[in-house]
Every structure is written in structure tokens, then in C-alpha cells.
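What follows is a set of notes on a single structure, which appears directly below.
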Amino acid sequence: MDLTALFSMMPGAAAQGLIWGVMAIGVYITYKILDVADLTVDGTMCTGGAVFIMLTMAGAPIPLALLGAFLAGMLAGLATGLFHTVCGIPAILAGILTQLALYSVNLRIMGQANQPISFRNYDLLISSRNVKSLSLENPIFIGVLFTIVIIALLYWFFGTELGSSLRATGANASMARAQGINTNFAKVLGLMLSNGLVALSSALLAQYQGFADVNMGRGAIVIGLAAVIIGEVLLSKVFRNFALLLLSVVIGSILYYVVYNVVIWLGLNTDDMKLITALIVAVFLTIPYWKGKYFSKPGRKGASSHA
Amino acid sequence: MLEIKEVYKTFNAGTVNEKRALNGLNLTLDDGDFVTVIGGNGAGKSTMLNIVSGAYTVDSGSITIDGQDVTGLPEHKRARFIGRVFQDPMMGTAATMQIEENLALAARRGQKRTLRPGITKAEREEYREMLKILDLGLEDRLTSKVGLLSGGQRQALTLLMATLKKPKLLLLDEHTAALDPKTAAKVLETTEKIVKRDKLTTLMITHNMRDAIAHGNRLIMLYDGRVVLDIAGEDKKHLTVEDLLEQFTKVSGSDEADDKLLLS
Chain A
125 MDLTALFSMM PGAAAQGLIW GVMAIGVYIT YKILDVADLT VDGTMCTGGA
175 VFIMLTMAGA PIPLALLGAF LAGMLAGLAT GLFHTVCGIP AILAGILTQL
225 ALYSVNLRIM GQANQPISFR NYDLLISSRN VKSLSLENPI FIGVLFTIVI
275 IALLYWFFGT ELGSSLRATG ANASMARAQG INTNFAKVLG LMLSNGLVAL
325 SSALLAQYQG FADVNMGRGA IVIGLAAVII GEVLLSKVFR NFALLLLSVV
375 IGSILYYVVY NVVIWLGLNT DDMKLITALI VAVFLTIPYW KGKYFSKPGR
425 KGASSHA
Chain B
129 MLEIKEVYKT FNAGTVNEKR ALNGLNLTLD DGDFVTVIGG NGAGKSTMLN
179 IVSGAYTVDS GSITIDGQDV TGLPEHKRAR FIGRVFQDPM MGTAATMQIE
229 ENLALAARRG QKRTLRPGIT KAEREEYREM LKILDLGLED RLTSKVGLLS
279 GGQRQALTLL MATLKKPKLL LLDEHTAALD PKTAAKVLET TEKIVKRDKL
329 TTLMITHNMR DAIAHGNRLI MLYDGRVVLD IAGEDKKHLT VEDLLEQFTK
379 VSGSDEADDK LLLS
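These protein sequences, in sequence, are chains A and B. The opening position of the first sequence corresponds to residue 125 in my numbering, with each subsequent residue numbered one higher. The opening position of the second sequence corresponds to residue 129 in my numbering, with each subsequent residue numbered one higher.
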């Protein structure tokens with residue numbers, strides 16, 4: 125086995141992990157804070173990139189195109205939120221409906237299934253060709269920058285009255301309503317924020333890989349969950365502060381891509397990666413459940429007396 | 129303060145499980161009334177509180193709080209007027225949030241939630257003082273997660289949250305029923321203290337007849353979705369458990385034996 129080949133893959137893994145980390149933070153907002161598994165993100169993970177590329181090709185400056193992607197993601201979240209709260213559709217199904225609809229929407233936006241964008245013609249923010257360069261254009265540096273700014277903004281937001289009302293809604297909806305919180309509004313807002321971040325991540329990913337593809341978001345929710353869960357399992361004992369919890373999600377995402385690249389390096393078929401990802405997430409979801417079910421309150425005394 | 133007029137509420141209408149919970153309920157509370165509510169299972173006690181709080185909508189009839197018709201108002205908007213403590217200690221607080229965060233949420237009941245800080249330094253000091261009234265040592269555990277507290281502690285905290293912003297109406301739905309007798313007595317004592325201090329208009333459901341007699345200035349009995357007994361003032365002071373049982377037998381007829389047990 126060629127270890128240098130593996131090492132040379134690591135910068136790319138870090139960059140991908142950071143970009144997907146933004147997406148995973150979006151998943152964290154719905155899955156951990158609002159207590160909703162939002163499947164919209166599989167669609168939004170393409171929408172952001174699609175909107176970004178079309179806006180850039182139409183002559184929009186990069187920051188504006190990024191903002192456009194973020195807003196498009198928020199719209200997707202709004203659709204799911206309204207399906208869920210106004211139409212009374214269960215959250216998971218509401219997400220699936222929007223995700224399916226977005227497949228058509230994404231094709232409409234791009235006009236075709238795949239839309240390339242080249243750093244040669246546009247002044248892209250982040251590109252895989254710079255992944256080993258020691259400059260400010262290195263995608264790892266830009267990824268870290270985005271991560272810090274996003275975590276700082278979310279840390280502030282979830283400390284505000286409005287942000288607290290979102291946390292209360294996820295923690296105990298009946299208590300939230302008794303305290304005068306409009307839980308439907310909170311859910312919609314949370315879904316919008318989450319999908320906005322996912323779309324932003326998608327816009328970064330499209331630049332990094334040089335294209336947007338109608339299938340680029342397939343299974344995104346599982347990758348996001350993997351990042352959230354890996355981060356939680358490995359770091360929840362050490363990290364308590366909210367900002368650090370968000371950071372652990374990004375670290376989880378980077379670790380996921382490190383593992384992903386190791387799998388490629390080992391010569392496994394990357395076509396099997398989704399299968400492997402699904403199994404990893406299933407295992408990590410199973411562990412805490414079984415722990416609680418079969419190994420709860422073993423007590424040191426009891427354990428030693430059996431030994 | 130509160131006026132419930134001709135309210136009907138039926139669950140699962142048109143099915144075999146059809147249950148008429150409120151059957152033309154009428155009740156008027158004066159400012160400062162502390163009303164205890166008794167009645168057998170299925171008499172409509174909890175449903176009454178839930179239609180007042182907005183957790184359930186009514187089939188017909190109207191609900192007025194402090195002169196404002198709130199019949200069509202959603203639950204979170206009615207919260208501006210109402211403080212609530214539930215039977216289940218888990219329901220009134222957010223387990224994954226800190227004690228001070230829970231209190232800060234309650235302090236903003238009825239206000240628009242903006243991008244201002246969710247909790248300020250000055251508030252923390254206030255909460256520390258307020259928690260002392262509970263006499264549970266919670267004033268030293270402001271940043272503890274509520275999930276770490278016992279049922280009694282959580283219920284006491286919920287009571288504090290319900291009354292933190294003085295409500296026009298306090299609704300207590302058997303809020304001591306899930307607690308052990310000693311803790312229940314303590315929470316009830318705190319309830320009495322706060323209600324008296326703030327002169328809160330209160331509706332308290334209880335399964336315990338002695339508590340119903342000992343607390344409040346007025347007692348009502350619900351049966352079959354209606355108020356069948358309403359005792360206030362001097363009459364209530366001289367009330368005994370035997371009186372209540374006798375009254376209950378009168379209104380309930382053949383159900384007497386079963387419900388007697390449920391009530392005592």
C-alpha cells in the first residue's frame with residue numbers, strides 16, 4: 125500500500141469535509157435542535173449549486189450568487205415548513221415531497237442535468253485545484269473561514285430570544301406554546317435557516333468540484349447525519365458549549381471524508397460508498413439505543429461481582 | 129375575569145368512541161377567585177382547562193378573558209393571559225435547557241421574540257432571588273439542565289415559570305398528582321403562597337377533596353361536562369368531605385358507588 129498516496133489525498137478530504145460541514149450544521153439545526161429529520165436537504169444540496177452557477181454565468185458577482193443560493197435554500201425550507209405546519213403533513217413526508225419537487229426545479233434551473241463552471245472564466249471562491257497550494261486561495265483556508273463565521277453567527281442567533289424560542293420548540297413544543305411561542309413559526313424558520321445553510325454548502329461544493337449535478341445531493345441527509353453523529357459520539361464528552369457542539373459537527377464531517385478517502389485508497393469500489401455510509405450511520409444510531417436498552421445502569425458493583 | 133359560556137366539546141364525533149366532554153359548560157370567575165375543581169374521571173375537568181388555554185378548540189360557545197373574546201385565538205396567543213402547570217412534570221419545562229433559560233423563556237411570555245439577547249445578566253440575579261421562594265436550593269443551580277431535576281423540582285419550577293409574568297389566569301391541572309405526598313404538599317404550599325401574593329385568578333383541578341376544600345375561596349364540581357355544584361364564601365369554609373360525597377351522590381345518581389371511590 126502506498127502511504128504517500130493516502131497522505132496526498134488528505135488535503136482534499138479536509139476541504140470536502142469542511143464544505144460538507146456547512147451542510148451538516150444545517151442538518152444539526154433540524155435534527156438536533158428542532159427534533160425533525162428533514163429530507164429536503166437531498167434536493168437543496170443541488171439547488172444551491174445550481175442557483176449559484178446560473179447566477180454567476182448570468183454575470184452576478186460571486187457574493188451575490190452565494191446569497192442567491194442561500195435564499196433559494198431558504199425557499200425550499202419554507203416549502204417543507206408550510207407543508208408540515210399549514211397542511212399538517214408529517215415532517216418526514218413533507219421533506220420528501222419538497223425533495224422530489226426540487227428534482228424538477230433543479231433541472232429547470234440548470235436547463236440540463238449537469239452544469240459545469242470553470243475557474244478559468246469566473247473568479248470562483250473555492251476550487252479543488254488549489255487544494256495543495258499554500259495561499260489564501262486554498263479551499264481548506266476558505267472552508268475554515270466560512271465555518272468560523274457561520275458558527276459565530278449561529279452561536280449569536282441561538283442565544284437571542286428568537287433563537288431560544290426555536291430551541292424551546294424542539295425541546296418541548298407544549299411547553300413552548302404555553303410560554304406563548306408560535307411553534308409553527310419556529311419550525312418553519314428553523315427549516316428555512318437549515319436549508320439556507322445546506323444550499324450555501326452546495327454552492328461552495330459546486331465551485332470546488334467545478335459543476336453542479338442534479339444528483340449531487342443524493343443521500344446528503346445521511347452524510348449530514350453521519351457527520352452529526354460521528355461528532356457527537358467522539359466529542360460530546362468534551363464539548364458542552366453550543367459553539368463547540370457545532371464545531372464537533374464539522375469535525376465529524378471531516379472525519380467522514382477522511383474515512384471516505386481511506387476507503388478509496390484501500391481500493392474499494394466508490395459505488396459502494398453510499399451503502400457503507402448508510403451502514404455506518406445505522407451502527408452509530410444503534411449504539412446509543414442498545415446502550416440504553418441492554419446496558420443501562422449496570423453499576424460498577426454489579427459488574428465486578430459478575431466478573 | 130374568565131367567562132365560559134355554553135361551551136360544547138365532543139371528541140371523535142360520529143365514531144363508536146364518541147365522547148361528549150363538555151356539555152353546555154358555563155362558568156364565570158371573578159377577579160382574584162381561587163377556584164378548586166373536582167369531579168370524577170371523564171367529568172370534563174381537563175378538557176375545561178384545555179379549551180381555556182386553547183390547546184383544544186370548542187365546538188360551540190365562547191370564552192372571554194378579561195373582557196376579550198379569545199374563542200378563536202390560537203394557544204400561543206392566549207398564553208399572553210394564561211399561566212399553566214400540567215399534571216405531567218415533564219410537560220411544563222424544557223429538559224435539555226438550563227433552569228435560567230427556561231425562566232427566561234417564561235419571562236417573555238406574551239412578548240414578541242426578537243433578536244435581543246435571550247437572557248441578560250440582570251435577569252440572572254432576578255431569577256436567583258425568585259428561586260429562593262421555592263426553597264429547593266435551585267437558586268445555586270441556575271445553569272443546570274432541567275432534565276437533571278426531580279419531578280417535584282420541575283413542577284415547582286413550572287409553577288414559578290407560569291407566574292413569573294403575572295398571568296390574568298392561572299390554570300393548574302392536577303399539578304401535584306404525580307408527586308409523592310410530601311413533595312405534593314410542598315408544591316401546593318408554594319402555590320398558595322404565590323397565588324395569595326399576586327392575587328391571581330386561579331383554576332385548580334384536584335383529585336384530592338381535602339385539598340379542594342382547604343384551598344381557594346370557591347369550589348366547583350363538574351359532572352358530565354357541566355358545573356353541578358358551586359360553593360363559595362362562608363359555605364365553602366364549613367364544607368366537609370362528607371358533605372361533598374353526599375352532594376355528589378345526589379347529582380350522579382346510579383354512578384354513585386364507582387365515582388365515590390374515584391373522588392376520595
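A virtual CB, placed ideally from N, CA and C, is assigned to each residue, including glycine. Since this is a predicted model, take the numbers as computed values, not measurements.
Mind checking which residues open and close the beta strand (DSSP E) that includes residue i?
| i | result |
| --- | --- |
| D358(B) | R354 to A360 |
| I210(B) | I210 to V213 |
| Q331(A) | Where Q331(A) is concerned, there is no enclosing beta strand (DSSP E), although the alpha helix (DSSP H) it sits in stretches over T307 to Q333. |
| F330(B) | For the record, residue 330(B) in the displayed sequence is Thr; it is not Phe. Note, T330(B): beta strand (DSSP E), T330 to I333. |
| G189(B) | S188 to I193 |
| Y255(B) | Careful: Y255(B) lies outside any beta strand (DSSP E), inside the alpha helix (DSSP H) at K249 to K260. |
| A161(A) | Looking at the DSSP string, A161(A) is not in any beta strand (DSSP E), and its letter there is neither H nor E. |
| M349(B) | R346 to Y351 |
Is it buried or exposed for residue i, if we count other Cβ within 10 angstroms and need 16 for buried?
| i | result |
| --- | --- |
| C170(A) | buried |
| S392(B) | With a pLDDT of only 47 at S392(B), under 50, the local geometry of the prediction cannot be trusted, and the value read off the model is given with reservation. Exposed is the call here. |
| Y351(B) | buried |
| E257(B) | exposed |
| E229(B) | buried |
| G172(A) | buried |
| K314(B) | buried |
| R237(B) | buried |
| V144(B) | exposed |
| E285(A) | buried |
Which two residues bound the contiguous alpha helix (DSSP H) that contains residue i?
| i | result |
| --- | --- |
| K314(B) | P309 to D326 |
| L392(A) | Segment: none, L392(A) is in no alpha helix (DSSP H) and carries neither H nor E. |
| F281(A) | P263 to F281 |
| Y227(A) | A215 to M234 |
| L231(B) | I227 to A235 |
| Q283(B) | G279 to L292 |
| K173(B) | K173 to S181 |
| D339(B) | M337 to A342 |
| A200(A) | I186 to T209 |
| Q239(B) | Taken as a continuous stretch (DSSP letters only), Q239(B) belongs to no alpha helix (DSSP H), as it is neither H nor E. |
| T377(B) | V369 to S380 |
Suppose you measure from the CA of residue i to the CA of residue j; what does that come to, to the nearest Å?
| i | j | result |
| --- | --- | --- |
| V379(B) | V356(B) | 7 Å |
| I305(A) | G152(B) | 30 Å |
| L321(A) | V151(A) | 9 Å |
| R424(A) | G279(B) | Note that R424(A) has pLDDT 44, beneath the 50 cutoff, so the model's placement of it is unreliable and the number below is only indicative. Cα-Cα distance, rounded: 26 Å. |
| V160(A) | T128(A) | 42 Å |
| Y155(A) | V357(A) | 15 Å |
| M147(A) | L403(A) | 20 Å |
| H204(B) | V323(B) | 23 Å |
| R208(B) | L199(A) | 31 Å |
| R232(A) | P202(B) | 39 Å |
| C211(A) | L202(A) | 13 Å |
| F194(A) | I177(A) | 13 Å |
| L329(A) | L359(A) | 26 Å |
| A297(A) | R252(B) | 24 Å |
| I149(A) | S272(B) | 25 Å |
Under a CB-based cut-off of 8 Å, is residue i close to chain A?
| i | result |
| --- | --- |
| H343(B) | no |
| A171(B) | no |
| E251(B) | no |
| A232(B) | yes |
| L177(B) | no |
| P245(B) | yes |
| E254(B) | no |
| G238(B) | yes |
| G203(B) | Checking the sequence, you will find Glu at residue 203(B) rather than Gly. Judged by the 8 Å Cβ criterion, E203(B) is in contact with chain A. |
| E229(B) | yes |
| T242(B) | yes |
Any Cβ of chain B within less than 8 Å of the Cβ of residue i?
| i | result |
| --- | --- |
| A292(A) | yes |
| N287(A) | Per the sequence shown, residue 287(A) should be read as Gly rather than Asn. Chain B, which has a Cβ nearer than 8 Å to the Cβ of G287(A), makes this yes. |
| A276(A) | no |
| M181(A) | no |
| M299(A) | yes |
| T284(A) | yes |
| A295(A) | yes |
Please decide whether residue i counts as near chain E, where near means a Cβ-Cβ distance under 8 Å.
| i | result |
| --- | --- |
| A207(B) | Here the protein chains are A and B, and chain E is not one of them. |
Next item on the list: Give, in chain order, every residue of the region 211-227 of chain B whose Cβ lies closer than 7 Å to some Cβ of chain A.
Entry: R212, M219, G220, T221, A222, A223, T224 and M225
Next item on the list: Compile a chain-ordered list of the residues in the region 301-318 of chain A whose CB is closer than 8 Å to at least one CB of chain B.
Entry: R301, A302, Q303, G304, I305, N306 and T307
Next item on the list: Name, going along the chain, the residues of the region 130-146 of chain A whose beta-carbon falls closer than 8 Å to a beta-carbon of chain B.
Entry: none
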